[in-house]
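Colleague: This is the structure I want to talk about, given as C-alpha cells.
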C-alpha cells in the first residue's frame, strides 16, 4: 500500500520531535452489503475505505493523526501533525524496516471479490424468502448480506513491517411476526472469518427460518416476570454474558489506568472453579480472528481465567507500556480513523464438568435464556446488562412457557462466582463490539451455563 | 482534490456512460481532540477523512458505489460499479433526483461557523478540567479522564438536474469523567458540554457532584412505580425510539405509528418537534441528503401525531410530500429517513413539583444498554437503570442495580407531567433537547 522508503520517512518525521516510538497503519477495505426488505433487494452498499493513521508515543502519552488523503503530501502532512503535537525539534533518525511474514491461518476458498454480487443477492433472497414462508404471521422480513475484504499494513520504529488480509462474511435476518394486535421480532445473524463458502455449511434457508421461528415464539410469549432468580443461559451468543460481565473489565483500556474492578487481581480466585475463559484470536475461520492485530502483533490464544483463577489480561501496545506486561495481540480498531486499543477477539467460556440435562433438571424455578441480545458494562463497577431475545420459564426441572422482554443485570465480580454449573456444548455467536476504537467484529461463546441468581428485568 | 474537481471527473464519466440521472454526495470532516488522564495530558488526535458516493438511475433502479480514495481512476471506477449494482436491485418506484421548484426555499442557518480551536486550546481545556475535578474532592482517584475536541463537517451534493449544494458546520465539546473512591466503593460521574471553557460549562464540578451523590446506592424492591426521568434520560429514551417516526418504517409495518396521523398517540402533555434549525445546535442543516429543503415540524402536538418523516421515494409511495428528512448514516450508506434535533417542548412543573406528584417512586438518572434492551418494532424495553429514591415527594438517597421495563407506546400515554426546564445535549453529531418527565406505572425489577 505504501512503499518501504516512504514508510521509513513518515516514521522518521513522526519521532523527530521527541517521541520514543512511532507507527504507521494503512488500510484498504472493500465492503459489500446487500439490503433486503419487504420482498425486495432494496439497496447495495459498495464501499472502499482507504486511509492511514500515524501515531507516536512519549512514554504513555499518545499522539495520533489520520487521513483519507493518501497522496504523498497528505501522508507527510499527517506525519507532521503528529510530530507537531509531540513537540518541537528535528531529531530525524534513520528507520530501518524488516518486512516479515506471519503465519497465515486464513483458509479462504471463495474471496468475496471473486463472487458476483448477484450470487450474494440471491443468497440473501433465499434466506429472507425462507423466513417469510415459515408462517403467514410473519408480516415483515429484513435482511442483509455483508462481506468485507480488509488489507492492512503496519510499520513501526522498532523495524516491524507486516501486512495482513482479513475476509469476513455474514448474513443477518430479522423477522416480524404479528397477530394483528401486536408485533414481535426475531433475529439471527451468523458469520465467520471466511469467504462466501460460509454458506456451504450454514444454509441461508436455515438462517431465515431461525429468525422467523424466534419471532413466532415471542408472539406467543407472555411478559417475563421480574425479580431475582436462577438462570440457565444457552450456548452460542449466550457467551455475551462473559463478554460484558467480565471481558471488558480485563481489557488494558480500563485495567491499565486503574479503572477496572479486575485491576491487580492476577492469580486470585475471581470466578467459580468451574469457569475457564479464553480469548483466542487464532481460531481458523473465527469471526473475531486475524493473523496480526492492528498494531502488527500476531494473534494469540490467551487464557484469561483458568479454573476460576485470573491468569491474564488483554493487552495492546499502549497497555503494555502502562502495565509493564507483554502484548497479547489485542490491539484493534474499526478503521484508520481510530487509534487502536485493547479489544476482545473470540472470547468464550470453555466446556465444563456438568451435563446439560442436569443443568435444566437442577432448576426448581427459573429462566432458561435460549437466545441473547447485546448488552453493555461499566468496567469500573462491573455493573453490566444484556437482553434476552428468546426465553422460557423453567419449573421443576422442565422448560415451560416462552417469556419475552427481559434484561439481565448484575455485577461481574458476583456473576463470575455465581456461575455454578458449566455444561459441555460450547458454541459461539457473532457480534459487533463497540468501544473506544470503534466497532469491531467479536465472537462470544460458551456451553450452557447456570447462574445461581441474577436480577431479571421483566414486568 | 476538492468537490468541484471530483464532480467534474464523475459527471464527465457518467455522461460518457450514457447516464441521465445521477448525483454525487461528498462528506469530509476535520477533527481534533485532546485527552487528559490522572492530571496529565494523555493523548492528542487529529483527523481528516472524506468519502464520496455516486448514485445513478438505470432503467428505473438506483445503484450506488463509494470510495475514500480520491484518485481519478478510483472515482471513474465508481460509475461501472454503481451501474452494476443498480441491475441487482428490485424497485417498484421511479427514482427521483431533486431540483427545487417554486416555493422551495432553503432555510437560513443561524449559527455562525466558528473557527476550530487549536490543539493547545483543547489541551488546556482538558487539563483545566482535570485540575477542577481533583480540587473539587479528596475522593477523586485514578481513572479520572477529561477531553476536549472539535469537528467540522462539510456536506456537498450535486446532481444531473443542476442541483449543487454545499454546507459546512462545526461543533466543539468538552467532557469530564470523575472517578472517586470513598474507601468502600468506587463511583463515577460524567458530564459533557458544547462549551470549551471549564469555568462556564461547570462540567468538572457537576461530574464530581454526581459521583459523590451516587455513593452508597441501594437496591430497590421489585414492583410498579411512578417515576421521573431526568431530562438527559428523556433524550436518551426518545433517541433510542426515534425510528418510530420514520414514514418508511411505518410503510413497512415496522412502526406502530402507522396510520395514526391525526390521532392521539401520547399524553396531551407531550409536544415533540423535529427541528433542523434548533437554536442551540451548531450542526444545523438546511438541506437533506436528496437536496430537499429542511424545516421545523411538530411530530406530536399535545399528544396528537401530526406527521411522520419522509424522503422523496417514501413520500411518493405513500401519497405524502418529502419532509426533508432523507439522510445518510455515512457517505456510503443508502439514503434513509433520519430525524434532526428532536426537541420536546417544556411543560410547567419544576423538578421538585414532579417529585411531589410522584410521592413515593424513583428518579431515573442513568440508563444503560439501550441498544440491546429496547425494541423499536414492538416498543418493548427492559433497561438497566440507576437513580434516586423519591420519598414523600422529595428526592432521597441513590438507588441502583435495577431494571425498568415497559412499552414505549404505553409510556407515551402515561406521561403525567412534563418539566419546565429543557436541557439540550449532543450524542455524536446529533443534538436533542428535552425536559424531565413524570411517567406512571413503570415495572421495576430489583431485589
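Residue numbers (this note's numbering), protein chains in the order written: chain A, 1 to 459; chain B, 1001 to 1447.
Here a beta-carbon is modelled for each residue, glycine too, at the ideal position from N, C-alpha and C.
1. If I'm right that residue 1376 of chain B touches residue 373 of chain A with Cβ under 8 Å, what's the distance once you round it to whole angstroms?
2. Please state whether the Cβ-Cβ distance between residue 28 of chain A and residue 151 of chain A is less than 8 Å.
3. Which residues, in order along the stretch 408 to 431 of chain A, keep a beta-carbon less than 8 Å from a beta-carbon of chain B?
4. Specify the secondary structure class of residue 992 of chain B as computed by DSSP and reduced to three states.
5. Using only alpha-carbon positions, find the residue among B:1005, B:1445, B:1015 and B:1438 that is nearest to residue 1228 of chain B.
6. What did DSSP end up calling residue 185 of chain A once you bin it into helix, strand or coil?
7. Just verifying my parser: in three-state terms, what is the DSSP assignment at residue 1321 of chain B?
8. From this set, B:1304, B:1164 and B:1008, which residue's C-alpha is nearest residue 1259 of chain B's C-alpha?
9. Can a CB atom of chain B be found closer than 8 Å to the CB of residue 70 of chain A?
10. What are the start and end residues of the beta strand (DSSP E) that includes residue 149 of chain A?
11. Looking at residue 331 of chain A: is its Cβ nearer than 8 Å to the Cβ of residue 383 of chain A?
12. Hey, how far is the Cα of residue 31 of chain A from the Cα of residue 1234 of chain B?
13. Please compile the residues from chain C whose C-beta is within a distance smaller than 9 Å of the C-beta of residue 42 of chain A.
14. Quick one: list the residues of chain B neighbouring residue 380 of chain A, beta-carbon separation under 7 Å, in chain order.
15. How about residue 56 of chain A and residue 82 of chain A: do their beta carbons lie closer than 8 Å?
16. For residue 21 of chain A, which residues of its own chain have a beta-carbon under 6 Å away from its beta-carbon, when the five flanking residues on both sides are left out?
17. Please confirm if residue 1069 of chain B has its CB atom under 8 Å from at least one CB of chain A.
18. Identify the contact partners of residue 106 of chain A in chain B, using a Cβ-Cβ distance below 7 Å as the criterion.
19. Where does residue 1446 of chain B land, buried or exposed, given buried means 16+ other C-beta within 10 angstroms?
20. To test your reading of the DSSP string, which unbroken beta strand (DSSP E) runs of 3 or more residues are found completely within the stretch 57 to 143 of chain A?
21. Using a C-beta cutoff of 8 Å, does residue 121 of chain A count as contacting chain B?
22. Quick one: measure Cβ to Cβ for residue 1408 of chain B and residue 1241 of chain B, integer angstroms, because I've assumed they're closer than 8 Å.
23. List, from N- to C-terminal side, the alpha helix (DSSP H) runs of 4 residues or more that fit wholly inside the stretch 1099 to 1157 of chain B.
24. Confirm the yes/no value for this check: CB of residue 213 of chain A, any heavy atom of the ligand SAM, distance under 7 Å.
25. Counting only beta-carbon atoms, is residue 1205 of chain B nearer than 8 Å to chain A?
26. Spatial neighbours of residue 1343 of chain B within its chain, please: CB distance less than 6 Å, with the 5 preceding and 5 following residues excluded, ordered by chain position.
27. Residue 1384 of chain B CB to nearest chain A CB: under 8 Å?
28. At the 8 Å Cβ level, is residue 21 of chain A part of the contact set with chain B, yes or no?
29. Determine the extent of the alpha helix (DSSP H) in which residue 1167 of chain B is found, giving its start and end residues.
30. May I have the straight-line CA-CA distance separating residue 245 of chain A from residue 261 of chain A, to the nearest angstrom?
31. Sort out for me which residues DSSP pairs residue 398 of chain A with in a bridge.
32. For a contact meaning CB atoms closer than 8 Å, what does residue 1081 of chain B contact in chain A?
33. Bridge partners of residue 1363 of chain B, per DSSP?
34. Nearest to residue 1306 of chain B by alpha carbon, out of B:1294, B:1127, B:1204 and B:1323?
35. State yes or no: is the C-beta of residue 448 of chain A within less than 8 Å of the C-beta of residue 425 of chain A?
36. By how many angstroms is the C-alpha of residue 367 of chain A removed from the C-alpha of residue 351 of chain A?
Modeller: Looking at the coordinates:
1. The residue you call residue 1376 of chain B lines up with position 376 of the second chain. The residue you call residue 373 of chain A lines up with position 373 of the first chain. Wrong, their Cβ atoms sit about 13 Å apart, outside the cutoff.
2. Taking the first chain and counting its residues from 1, the one referred to as residue 28 of chain A is at position 28. Taking the first chain and counting its residues from 1, the one referred to as residue 151 of chain A is at position 151. Yes, Cβ-Cβ distance for residue 28 of chain A and residue 151 of chain A is below 8 Å.
3. 409, 410 and 411
4. This structure gives no information on residue 992 of chain B, because the portion of chain B shown stretches from 1001 to 1447.
5. For the purposes of this step, residue 1228 of chain B is taken as residue 228 along the second chain, with counting starting at 1. Minimum Cα distance to residue 1228 of chain B is reached at B:1438.
6. In the first chain, residue 185 of chain A corresponds to position 185, counting from 1. Note: residue 185 of chain A maps to strand in three-state DSSP.
7. Counted from its first residue, the second chain places residue 1321 of chain B at position 321. Residue 1321 of chain B falls in the coil class under three-state DSSP.
8. Sequence index remark: in the second chain, residue 1259 of chain B carries index 259 (1-based). Checking every option, the nearest Cα to that of residue 1259 of chain B belongs to B:1304.
9. Taking the first residue of the first chain as position 1, residue 70 of chain A is located at position 70. At least one chain B Cβ lies under 8 Å of residue 70 of chain A.
10. In the first chain, the residue the question calls residue 149 of chain A occupies position 149. Residue 149 of chain A -> beta strand (DSSP E) spans 138 to 156.
11. Stepping through the first chain from its first residue, residue 331 of chain A is reached at position 331. Stepping through the first chain from its first residue, residue 383 of chain A is reached at position 383. Cβ atoms of residue 331 of chain A and residue 383 of chain A: not closer than 8 Å.
12. Indexing the first chain from 1 puts residue 31 of chain A at position 31. Indexing the second chain from 1 puts residue 1234 of chain B at position 234. Using only the alpha carbons, I get a separation of about 36 Å.
13. In the displayed structure, chain C is absent; the protein chains listed are A and B.
14. Working through the first chain from its first residue, we reach residue 380 of chain A at position 380. By Cβ distance, chain B contributes 1143, 1179, 1186 and 1188.
15. Along the first chain, one-based indexing puts residue 56 of chain A at 56. Along the first chain, one-based indexing puts residue 82 of chain A at 82. Going by C-beta atoms, residue 56 of chain A is nearer than 8 Å to residue 82 of chain A.
16. Indexing the first chain from 1 puts residue 21 of chain A at position 21. For residue 21 of chain A, where only same-chain residues beyond five positions count, the Cβ hits under 6 Å are 57 and 157.
17. As a position in the second chain, residue 1069 of chain B is number 69, starting the count at 1. Yes, because at least one Cβ of chain A sits closer than 8 Å to the Cβ of residue 1069 of chain B.
18. As a working note, residue 106 of chain A is residue 106 in the first chain. Ordered by position in chain B, no residue passes the 7 Å Cβ test against residue 106 of chain A, which lies about 24 Å from the chain.
19. The residue you call residue 1446 of chain B lines up with position 446 of the second chain. It is buried - the Cβ of residue 1446 of chain B has at least 16 other Cβ atoms within 10 Å.
20. 61 to 67
21. The residue labelled residue 121 of chain A in the question sits at position 121 within the first chain. Yes, residue 121 of chain A lies at the interface with chain B (some Cβ there is under 8 Å from its Cβ).
22. Start at 1 with the first residue of the second chain, and residue 1408 of chain B comes out as number 408. Start at 1 with the first residue of the second chain, and residue 1241 of chain B comes out as number 241. That pair is a contact at about 5 Å.
23. 1119 to 1136
24. Inclusion of the ligand SAM in the displayed structure is not the case, the ligand content being empty and no account of it being possible.
25. For this step, residue 1205 of chain B is matched to residue 205 along the second chain. Not one chain A Cβ lies under 8 Å of residue 1205 of chain B.
26. The residue given as residue 1343 of chain B occupies position 343 in the second chain. Same-chain partners within the cutoff: 1273, 1275, 1278 and 1433.
27. Your numbering for residue 1384 of chain B matches position 384 in the second chain. Output row for residue 1384 of chain B: interface = yes.
28. Working through the first chain from its first residue, we reach residue 21 of chain A at position 21. Chain B, which has no Cβ nearer than 8 Å to the Cβ of residue 21 of chain A, makes this no.
29. On the second chain, position 167 is the one that residue 1167 of chain B refers to. Residue 1167 of chain B -> not in any alpha helix (DSSP H); beta strand (DSSP E) instead, spanning 1164 to 1181.
30. On the first chain, residue 245 of chain A is found 245 positions in, with the first residue counted as 1. On the first chain, residue 261 of chain A is found 261 positions in, with the first residue counted as 1. Looking at the two C-alpha atoms, the distance is approximately 11 Å.
31. Here the question's residue 398 of chain A lines up with position 398 in the first chain. Paired residues: A:395.
32. Here the question's residue 1081 of chain B lines up with position 81 in the second chain. The answer, in chain order, is 46.
33. Sequence index remark: in the second chain, residue 1363 of chain B carries index 363 (1-based). Answer by DSSP bridge pairing, in chain order: B:1228 and B:1388.
34. By 1-based counting over the second chain, the position of residue 1306 of chain B is 306. Among B:1294, B:1127, B:1204 and B:1323, the Cα nearest to that of residue 1306 of chain B is on B:1323.
35. Within the first chain, the letter at position 448 stands for residue 448 of chain A. Within the first chain, the letter at position 425 stands for residue 425 of chain A. Yes; because the gap between Cβ atoms is below 8 Å, this pair is in contact.
36. Translated into positions along the first chain, residue 351 of chain A becomes position 351. Translated into positions along the first chain, residue 367 of chain A becomes position 367. So the alpha carbons of these two residues sit roughly 21 Å apart.
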